[in-house]
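Okay, so here's the structure we're looking at.
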Amino acid sequence: MVLDTFLITGLFNVVMLIGLALLLHLQLGLTRIANFGVVGFWGVGLYTFGVLYVRVDWPFEDPIQFVVCAVLATAAAGLCGLLIGWLIADLDVDGVLVGTLGFATAVAILATTEQGLTGGARGMGGLRFPYDSGDVAVNELIWLLVLVALVAGILAYVWLVHRAPYGRLLIAIGSNEPLARSLGKPVTRTKLGLFTITSALMGLLGVMYGVMVRFLEVSSLGIEVTLATVVGLVVGGSVRVLGAVVGVLLTVGFFDIVIQSYLPLPAEWYTQTIPLMREVLFGVALILVLVFRPLGLLGHMRRDRLMKRIHGG
Amino acid sequence: MHRAGLDRMSGRATDQAVVEPDAPTSVEKSQKRSIRRAGTPMVIAAVILAAVWLTGNLSAIVPSVVIGLTEHAPLVLAATGFALLYRLTGLINVAYAETITLGAYFAMHLNTNYGLGFYVVLIPAGVLAGLLSVATYLLIFRPAKLRGVGTLELIIISFGLSIALRYGLQFIFGTPVRFFDVPPPDSVNIFGVGVASFRLVALLSVVILAVGLYLFIQRSRYGLMVRALAGDEALAQVSGIRPFAVTVLIWFLAGLAGGMAGAFYGVGSSVSPLLGERAFLFILLVVLVGGIWGINGVMAVGVGTGIALAFMTLTLGKVLYAELALTAAFLVVLKVRGRRLTESTKV
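Sequence order for the protein chains is A and B.
The letter at position 37 of the first sequence is residue 37 when you use the working numbering, and the numbering goes up by one with no holes.
Add 1000 to a position in the second sequence, counting from 1, and you land on the number used in the working numbering.
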């Protein structure tokens, strides 16, 4: 049995945002790099893939065409991560905010102005699944399963990072960067490496989204993607591996699955009222959680709780 | 120097060496040296490129100055208000964008619903925006600060507030752009460039307001309190300054400046829920870069940014390209500037 299209789309958004929130967890939760330009890196993957897939006359067909375009788009997002990471590596939180926000704005500007490549405000079609089962709903369901596998891989990677010396280095940098530097830790190199890898993976999630929607719109590069990612992470718990999963399920999942698919609301609400209410409530949720429970629902890291039990306090 | 604390978001104890701005370690000194070494060739290259480009577009310079000054004057006012807040709190208040937007909406509402002239509604709109700014401080930022929320978390809170206000405005007013009800302006020729008479009055108003704000901060008794509190809160308190009253004053002044800037932005083009968001990135860049030279620097960089935007728009053909180029240039400047400014040199 094939799932309802609305439900598949909702689930796809939720799983994709879980992936983005997991990557932001490494940047913000562990290393304290406040990336407010998540949508920029995601958008680079989305649009680079779209332009390569649609505008370039490749000598081979899908699925090789998809793989080549996806790899190049992921690399492009990673390169952008390296460049922006280099720009902000020595800056404080103010500079990081400006750098990442400025980058996201630059990506949206380029997607709008370069109409010959991106279609500009008119948008760009021509994307398709790298396979064809003969039924769009089945294609979408398969693509959702591919995304679930990818995000499960990201979750496993984040879990491994938490248990590796590399993860402890990230936590050390996030806790006290000057101290980590004075102990001879390769802080800049580590931050650059982390930012490059996580940005590349954000770009790959953009590629996945592009194939799912099959039509690129500049409006998708708005603040909504970054907001949903940050809200999910903060609500769930920014320092816990599962914080991103729990938070996105409770926030985006509630709106994009429960309300969209299961609540009997008037049809006109779904076009205007619900999307606006969603963003307003996300903003309010950020404020309330950070004022009253800054560590989110899941709270402290396990190792911090363990250390407290051992040492008291 | 050591300082104990608790990182609110990570929940991790931060009882380690925290390097004070006035006592840089050898590691920091060496970092600064390396940043300077890396930055100098970039600055030289940027100056050479700018010179080559300017000499190839000499005819665009005069129109750029005229257009930049008249069209982007509200940027200076908004940046001055934002810089005040940044100096006192060290907070990048992302919701300042919505203070600007709401200033435009307040002014438009008074103008279109009560038939009041633009210059009549300017002050009430600014006051309303200032009161809203104070309300956000009292209801959100002060309680958060009292609960020990860190700087990064405060920025995320301001981001949340910004989003809630922005989409709340869309919920109430819808997404269509709205316009002030003002008579069509006359055109005045300045150095061969046609400028709407209204824009000249707006420029004059912005200059008066910005200079007034500057004099208030630099010359008045309350301005002295503001600067004292921003420089050293503990010392200011010992000297008899009431931090709460001065902080409320700062939030009000910042909101006042932002709200009036929003009104100028709105009457110059149109009013929409995204008005402040579009202006915010450049306000932020102007304050972070110009703040190196104090509030004078913010004003000077604000003026320079307006002229540069106009010049690049004329030479590149598209305003979005101009914004892109200038954003990139600012980011390079920030990279060259390196780490955080010390408290005393923020504004």
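Every residue gets a Cβ at the ideal spot worked out from N, C-alpha and C, and that includes glycine.
The beta carbon of Val-289 (chain A) is closer than 7 Å to those of Val-234, Val-235, Gly-296 in its chain, skipping five residues each way along the sequence. With contacts defined as CB atoms closer than 8 Å, Ile-1155 (chain B) and Leu-97 (chain A) qualify as a contacting pair.
Counting the other Cβ atoms within 10 Å of the Cβ of Asn-139 (chain A) gives 16 or more, which makes it buried.
Assigned with DSSP and collapsed to three states, Leu-1320 (chain B) falls in helix.
Closer than 8 Å to the CB of Gly-102 (chain A) there is at least one CB belonging to chain B. Checking the DSSP bridge columns, you'll see Ser-1187 (chain B) partnered with B:Ala-1196.
Counting the other CB atoms within 10 Å of its CB gives Phe-36 (chain A) a total of 16 or more, which places it among the buried residues. Burial is judged here by how many other beta carbons sit within 10 angstroms of a residue's own beta carbon; Gly-126 (chain A) has fewer than 16 and is exposed.
In this structure, Phe-1106 (chain B) lies away from Gly-1258 (chain B), with their beta-carbon atoms at least 8 Å apart. For Ala-1228 (chain B), same chain residues with a beta-carbon under 7 Å away, outside a window of 5 residues either side, are Ala-1236, Ser-1239, Ile-1241 in chain order. Judged by DSSP in its simplified three-state form, Arg-189 (chain A) adopts helix. When C-beta atoms of the region 1255–1273 of chain B are compared with those of the region 1059–1078 of chain B, three or more pairs fall below 8 Å, so the two segments count as touching. Straight through space, the alpha carbons of Thr-1151 (chain B) and Leu-160 (chain A) are spaced by roughly 29 Å. Under the DSSP assignment, Val-289 (chain A) falls in the alpha helix (DSSP H) whose first and last residues are 273–292.
Taking 8 Å as the cut-off, the beta carbon of Gly-247 (chain A) is found no closer than this to the beta carbon of Gly-299 (chain A). At a cut-off of 8 Å, the C-beta of Pro-294 (chain A) has a neighbouring C-beta in chain B.
Pairing Phe-6 (chain A) with Gln-272 (chain A) gives a Cβ-Cβ distance that is not under 8 Å. A straight line joining the alpha-carbon of Gly-184 (chain A) with that of Ser-175 (chain A) spans about 15 Å. The region 1308–1323 of chain B and the region 80–94 of chain A do not touch, with fewer than 3 CB-CB distances between them shorter than 8 Å. Under the 8 Å criterion on CB atoms, Tyr-1321 (chain B) is classed as interfacial with respect to chain A.
Residue environment for Ala-267 (chain A): exposed (fewer than 16 other C-beta atoms within 10 angstroms of its C-beta).
When secondary structure is reduced to three states using DSSP, Val-1182 (chain B) falls in the coil class, being assigned neither helix nor strand.
The residue among B:Met-1108, B:Leu-1284, B:Ile-1163, B:Leu-1069 with its C-alpha nearest the C-alpha of Ile-223 (chain A) is B:Ile-1163. When DSSP states are grouped into helix, strand and coil, Leu-183 (chain A) belongs to the coil group.
Residue burial annotation: Asp-94 (chain A) is buried, with at least 16 other C-beta atoms found within 10 angstroms of its C-beta.
Just so you know, the alpha carbons of Gly-1148 (chain B) and Val-136 (chain A) end up roughly 52 Å apart. In the three-state DSSP reduction, Val-1271 (chain B) falls in the strand class (E or B). Around Phe-1191 (chain B), the same chain offers Val-1062, Val-1066 as residues with beta carbons nearer than 7 Å, after the five sequence neighbours per side are excluded. Relative to Val-1201 (chain B), the option among B:Leu-1288, B:Gly-1302, B:Asn-1296, B:Leu-1122 whose CA is nearest is B:Leu-1122. Boundaries cannot be given for Glu-114 (chain A), as no alpha helix (DSSP H) includes it and DSSP labels it neither H nor E. Apart from the 5 residues on each side of it in sequence, Leu-1253 (chain B) sits with its Cβ closer than 8 Å to the Cβ of Gly-1081, Leu-1084, Gly-1130, Leu-1213, Phe-1216 in its chain, given in chain order.
Contact between Ala-1230 (chain B) and Leu-1088 (chain B) holds: CB atoms are separated by about 5 Å, below the 8 Å threshold.
The beta-carbon distance between Ser-1272 (chain B) and Val-1177 (chain B), rounded to whole angstroms, is 4 Å. This is short enough to meet the 8 Å contact definition. Contact between Val-107 (chain A) and Gly-43 (chain A) is confirmed by a C-beta separation of about 5 Å, below the 8 Å threshold. Per the DSSP secondary-structure output, Met-1225 (chain B) pairs with nothing in a beta bridge.
Contact annotation for Leu-97 (chain A) against chain B: Ile-1092, Ile-1155 [CB-CB distance below 7 Å, chain order].
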